[in-house]
Amino acid sequence: MSAIMEEEAISRHLRMKAEFEAFARRAKFTPVFSHRSAMEFYGYPIPESCPATSSPPHLAFSTRNARHAMRGSVSHLWSASMDTIEVDQHDPQEIHYEVVTPVVAWAQMATCMTEEDLAVLGCSLTCRNRRLHACTVETLEEYVENNPHFHGRQRCRKALEWIVNGTDSPPEAVLYGVLKRNGLNDFVPNVEVKTPRGTYRIDLAWPRLKVGLEYQGSYHAETMQMRRDIQRDHDLKMAGWQIIYVCKDDLSTDQSRTTLLRLIRRIIEAQRATLVFLA
């Protein structure tokens, strides 16, 4: 995860924290923030296609009797288990509020997201970054299996087919999902490759065939990063790897994805032929 993405996560958290505190001061009950509000509190990016607005804040209640109507909020009934964290619980002078855990918030988002976007969000929870890592794929699966009746459960189960542990960024998760849906199941995230000049980590790789996919975000356009990328590419090629570089445009439309998949399959076949020739 780049420094820019880290800063964006911190900014989202601070913005939601301030909003939660302002709301809790006005509330005559202990609010439980949920859905998109909870996700942004933890710093996770929300896909642009999600129609659920970040403001006013979203609140969750376990029963109708517990539900509070308050201007400037969106309330939801949530019948599944609802683990929360309590904020400022050690200081009686501070305001109090609760936030559902990232796992619960992910399941709640299923009603307003496509399966692909839900998978991307899930990969944000299971990512390699120590600040944002909240759980494993297995934790998400356990929650879904143990709560059989919440709205969006089937969409969660579908999304789980594409979620993987240890990606570095949401775009990598999109790319991984595209590969999985199109039968390219042998790619794994964050594969380390040792070369004479150092060890490199490839975003998504098929180790046996030495085919790698690298997502190129905007920070790769920086001069020093470009130089490092060129040196890295040379070293990996000398080690027998073929690297395919992927950018946002490659994933933006069905046509661009089809073109990308055609290229990936062509490189795979070429690498297979090379390995047979060298055997």
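So the sequence shown is numbered by the working numbering: it starts at 15 and just counts up by one. Think of the CB as a built atom: it goes at the ideal place given N, C-alpha and C, for glycine as much as any other residue.
Item                                                                                                                                              : Value
Taking R242 as the reference, which of G212, L193, T181 has the closest Cα?                                                                       : G212
Would you report the Cα separation of A41 and L91, rounded to the nearest angstrom?                                                               : 18 Å
Starting from G212, trace the beta strand (DSSP E) both ways and give me its first and last residue.                                              : 212-220
In three-state terms, what does DSSP make of V113?                                                                                                : strand
Which residue or residues does DSSP assign as beta-bridge partners of Q256?                                                                       : V225
Alpha carbon to alpha carbon, what distance is there between V290 and E100?                                                                       : 59 Å
Curious, which full-length alpha helix (DSSP H) runs of at least 4 residues does the segment 22-93 contain?                                       : 49-55
Looking at the unbroken beta strand (DSSP E) that takes in V205, where does it start and where does it end?                                       : 202-209
So, do the segment 218-226 and the segment 250-262 have three or more beta carbon pairs nearer to each other than 8 Å?                            : yes
Considering only the beta carbon of each residue, do Y56 and A148 sit closer than 8 Å?                                                            : yes
Rounding to the nearest angstrom, what Cα-Cα distance links T273 and P203 in this structure?                                                      : 22 Å
So what's E175 in DSSP terms, helix, strand or just coil?                                                                                         : coil
Could you check if D131 is buried or exposed, using at least 16 other CB atoms within 10 Å of its CB as the buried criterion?                     : buried
By DSSP, does H234 sit in helix, in strand, or in coil?                                                                                           : Any reading at H234 needs caution, since the residue's pLDDT is 48, under 50, leaving its predicted position unreliable; the model's value is listed next. Note: H234 maps to helix in three-state DSSP.
Helix, strand or coil: which one does DSSP assign to T267?                                                                                        : coil
Since C170 and A124 should fall inside the 8 Å C-beta cutoff, what is the C-beta to C-beta distance between them, to a whole number of angstroms? : 5 Å
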